[in-house]
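Number of protein chains: 2
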Amino acid sequence: MNETEFVAALRKLPLHPGARGLEDDCAVLPVGGETLIITHDMMAEDTHFHRDADMADVAWKLLAANLSDLAAKGAEPLGVLLGYSLGSSDARFLAGLDEALRAHGVTLMGGDTVATTGTSTYGMTAIGRATCLPVPSRTGAQPGDAIYVTGPVGRAMLGYEGDEEHLLAFNRPVPRLAEGIALAPLVSAMMDISDGLLLDCWRMAWISGVTLAIESAAVPVAARHRSGECMRWGDDYELLFTAPEAARLPVPAIRIGTVRSREHAPLLLDQTPLADPANLGYRHG
Amino acid sequence: MNETEFVAALRKLPLHPGARGLEDDCAVLPVGGETLIITHDMMAEDTHFHRDADMADVAWKLLAANLSDLAAKGAEPLGVLLGYSLGSSDARFLAGLDEALRAHGVTLMGGDTVATTGTSTYGMTAIGRATCLPVPSRTGAQPGDAIYVTGPVGRAMLGYEGDEEHLLAFNRPVPRLAEGIALAPLVSAMMDISDGLLLDCWRMAWISGVTLAIESAAVPVAARHRSGECMRWGDDYELLFTAPEAARLPVPAIRIGTVRSREHAPLLLDQTPLADPANLGYRHG
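Here the protein sequences line up with chains A and B, keeping their order.
For the first sequence, our numbering begins at 1 and goes up steadily by one.
For the second sequence, our numbering begins at 1001 and goes up steadily by one.
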């Protein structure tokens, strides 16, 4: 199976109501008068990082990816659990995790450590507290809403290619936790951009039952002459959100388009319908 | 690093107060008026299962191992998140997970799925609700307490060896959730036996600052002529606990010894001091 097939099969198992049908990045769990947000992200050698990568960066990104999911829910992190495969760079991994936890003011709650014989796979579970109800989801984009991103896309791509100016954007991405908390009360839909702006726009439109019309000239990109690539590369961890046109945004964000009633294609890029999510971004598995 | 060294290094990172110094199997997180119990367990190919194992059994055991950690805290499961590496037996894994979730009345809350190039590693996070405060830990065994197990050890060993009568004990272990909830209000210390009775007794004694004196003739074993092996094999998922001698137990359990003030060795087996945890059970990494 590929990832899409496997997740489709998972949806036939007994699901928790807070799983949101496995359509979202996080589970939403009301507990004791609070609402918890819970997410689990993995990074696998060869798939998510090269074996010669600095494991300190991998540890940083593992935490960042999890916290970015919390950010998209406007959640405040409470702690993380680590699932770790012992390998040859354990000390570097620990150093990077230490830096990342301290940089984001997050603490380790537990986890598991195993010996493995093959490539390394790391998992992390992050637990956060919702700061705003209802918890933002991917599903609420409404016709007429404006579409925004919190910052430029393509920086991670340039960093991956070795561009000195953008190395940190690739190796040490910063999840938009404060922005997510500030935006949560006024967004109609929100998600983090992990697999490419266009693909994530397509997904938000699909699940919201609307069409997102994006103006490429308005999209903030790290390299204007490569805007198509910047809009398809992932790992930028900016937030994508929709909000009523009249909403006054509490944090800087760039408007990139407008939500329309569902047309044939969930996505319009400069008026061109893009019905097929293939080639819009990074697809796993 | 091996697992012990890695966990020691993890203890120097910023820890959540609910992490209990990473000395326990679960994190304890007060949320609103409730207390959550959170655990993460992994299973890795070659380390925890053979590549020709039925992945339906592996999925079952992954859930059972996590729920067994909740059982030792007297927690009621709320849901689980799955971290899954795609492989060649995805359909079997899904079938086993489906059976296990339904058998235990547990639901899937979320997770992540990745493609990997090497051996498979599976992770699961289980979240439960404490039914009793304070939440039982490994640390509270008191001199004079009686020591109990909820059932025989060594069944999983015989099942692993192919003994028809005990195949299910190895392939489809049942976590002692109901027993854990019933026992939680009266135990002084509790943990599940995952790495072997003697090793886990040694660990409970060490962290409680006492000595556990075990009478081997009293230990319920699946094969009396191999009692030493039965007491050192893991995967039985019975609960080990201590309680005041006068406590009236709400569920069947077998007394196997008495807690003493700390002597030179944390463990006495038929009066023989066992100071070194080596050779007492299964040690990872």
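All C-beta atoms in this analysis are idealised placements derived from N, C-alpha and C, irrespective of residue type, glycine included.
Does the structure place the stretch 17-30 of chain A close enough to the stretch 165-185 of chain A that three or more beta carbon pairs sit under 8 Å? Verdict: no, contact absent.
What separation, rounded to the nearest whole angstrom, lies between the Cα atoms of Gly1111 of chain B and Asp90 of chain A? C-alpha separation (whole angstroms): 24 Å.
Going by DSSP, name the residue or residues bridged to Ala243 of chain A. Answer by DSSP bridge pairing, in chain order: A:Ala146.
If I measure Cβ to Cβ from Gly1285 of chain B and keep anything under 6 Å in the same chain, skipping five residues before and after, which residues do I get? For Gly1285 of chain B, the predicted structure reports a pLDDT of 36, less than 50, and the residue's modelled location is therefore unreliable. The matter cannot be settled from this model.
Indicate whether at least one CB of chain B lies closer than 8 Å to the CB of His50 of chain A. At a cut-off of 8 Å between beta carbons, His50 of chain A makes no contact with chain B.
Nearest residue (CA-CA) to Ser216 of chain A, options A:Gly281, A:His40 and A:Thr272: When each option's Cα is compared against that of Ser216 of chain A, the closest is A:Thr272.
In the DSSP assignment, what residue or residues form a beta bridge with Met1191 of chain B? For Met1191 of chain B, the beta-bridge partners assigned by DSSP are B:Leu1240.
If we call anything under 8 Å between Cβ atoms a contact, is Leu1108 of chain B one with Gly1079 of chain B? Yes, the Cβ-Cβ distance between Leu1108 of chain B and Gly1079 of chain B is below 8 Å.
Which of helix, strand or coil DSSP assigns to His1040 of chain B: Correct three-state label for His1040 of chain B: strand.
So Pro1244 of chain B packs on Ser1188 of chain B, CB below 8 Å; how close in whole Å? Going by Cβ atoms, the distance from Pro1244 of chain B to Ser1188 of chain B rounds to 7 Å, so yes, they are a contact pair.
For Arg1102 of chain B, go through chain A and note every residue whose CB falls closer than 7 Å to its CB, in chain order. Residues of chain A passing the Cβ test: Pro14.
Quick one: what's Glu1076 of chain B bridged to in DSSP? Beta-bridge pairing links Glu1076 of chain B to B:Arg1129.
Does DSSP classify Tyr1282 of chain B as helix, strand or coil? Tyr1282 of chain B: coil per DSSP, three-state reduction.
According to DSSP, is Thr325 of chain A helix, strand or coil? A question about residue 325 of chain A goes unanswered here, because the residues of chain A that appear run from 1 up to 285.
Pick out the complete beta strand (DSSP E) segments inside the stretch 47-118 of chain A, 3 residues or longer, and give them in chain order. 75-86 and 108-115, all fully within the stretch 47-118 of chain A.
Interface residues of chain B facing Glu34 of chain A [CB-CB closer than 7 Å]: What Glu34 of chain A touches in chain B: Val1031 and Gly1032.
Are the C-beta of Leu1240 of chain B and some C-beta of chain A separated by less than 8 Å? No, Leu1240 of chain B does not count as interfacial toward chain A.
If the cut-off is 8 Å on Cβ atoms, which residues from the stretch 61-95 of chain A count as contacting chain B, listed in chain order? If you check each beta-carbon in the stretch 61-95 of chain A against every beta-carbon of chain B, the ones closer than 8 Å belong to Leu78, Gly79, Leu81, Leu82, Gly83, Tyr84, Ser85, Leu86, Asp90, Ala91 and Leu94.
Using 8 Å for Cβ pairs, my map puts Leu36 of chain A next to Ile127 of chain A. What's the rounded Cβ distance? Distance from Leu36 of chain A to Ile127 of chain A at the Cβ level is roughly 6 Å; contact confirmed, criterion being Cβ atoms closer than 8 Å.
Along the chain, where does the beta strand (DSSP E) that runs through Thr272 of chain A open and close? Thr272 to Leu274 is the span of the beta strand (DSSP E), which, as asked, contains Thr272 of chain A.
At what residues does the alpha helix (DSSP H) containing Val7 of chain A begin and finish? Val7 of chain A: member of the alpha helix (DSSP H) spanning Glu3 to Leu10, first to last residue.
Residue nearest to Ala1065 of chain B in terms of C-alpha spacing, selected from B:Val1135, B:Gly1154, B:Thr1125 and B:His1225: The candidate whose alpha carbon is nearest that of Ala1065 of chain B is B:Thr1125.
Through-space distance from Leu67 of chain A to Gly144 of chain A, alpha-carbon basis: Going from the Cα of Gly144 of chain A to the Cα of Leu67 of chain A covers about 30 Å.
Best match in A:Leu168, A:Ile147, A:Arg172 and A:Ser137 for proximity to Ile207 of chain A [C-alpha to C-alpha]: Restricting attention to A:Leu168, A:Ile147, A:Arg172 and A:Ser137, the CA atom closest to the CA of Ile207 of chain A is found in A:Ser137.
Output, in sequence order along the chain, the residues in the stretch 1250-1280 of chain B whose CB is closer than 7 Å to any CB in chain A. Per Cβ criterion, the list is empty.
Do we get a CB-CB distance below 8 Å when we pair Glu23 of chain A with the residues of chain B? By this cut-off, Glu23 of chain A is not an interface position.
Here's the rule I'm using: 16 or more other beta-carbon atoms within 10 Å means buried, otherwise exposed. How should Lys73 of chain A be labelled? Classification of Lys73 of chain A: buried, given that the 10 Å Cβ count is 16 or more.
Closer than 9 Å by beta-carbon distance: list the chain A residues that pair up with Glu1161 of chain B, in chain order. In chain order: nothing, as chain A lies at least about 23 Å away.
For Thr121 of chain A versus Thr1116 of chain B, is the C-beta distance shorter than 8 Å? In this structure, Thr121 of chain A places its C-beta atom within 8 Å of the C-beta atom of Thr1116 of chain B.
Sorted by chain position, which residues of the same chain lie with C-beta nearer than 6 Å to Arg1255 of chain B's C-beta, five sequence neighbours on each side aside? Excluding residues within five positions, the ones whose Cβ falls inside 6 Å are Ala1146 and Tyr1148.
Any beta carbon from chain A within less than 8 Å of Leu1108 of chain B's own beta carbon? Answer yes: the Cβ-Cβ gap between Leu1108 of chain B and chain A drops below 8 Å somewhere.
Leaving out five residues before and five after Ala56 of chain A in sequence, what residues of the same chain have Cβ atoms less than 6 Å from its Cβ? Excluding the 5 residues flanking it on each side, Ala56 of chain A has same chain C-beta neighbours closer than 6 Å at Arg92, Ala95 and Gly96, in chain order.
Same chain, Cβ closer than 8 Å to Ala1218 of chain B, neighbours up to 5 away in sequence not counted: Closer than 8 Å at the Cβ level, and outside the excluded window around Ala1218 of chain B, lie Ile1254, Arg1255, Ile1256 and Gly1257.
Taking 8 Å as the limit between beta carbons, can you name the residues of its chain near Leu1198 of chain B, skipping five residues before and five after? Around Leu1198 of chain B: Ile1214, Met1231, Arg1232, Leu1267, Leu1269, Leu1274, Leu1280 and Gly1281.
Should Thr39 of chain A be flagged as near chain B, meaning a C-beta pair shorter than 8 Å? At a cut-off of 8 Å between C-beta atoms, Thr39 of chain A counts as an interface residue with respect to chain B.
Looking at chain B, is there any beta carbon in it that lies within less than 8 Å of the beta carbon of Ala115 of chain A? A Cβ of chain B is located within less than 8 Å of the beta carbon of Ala115 of chain A.
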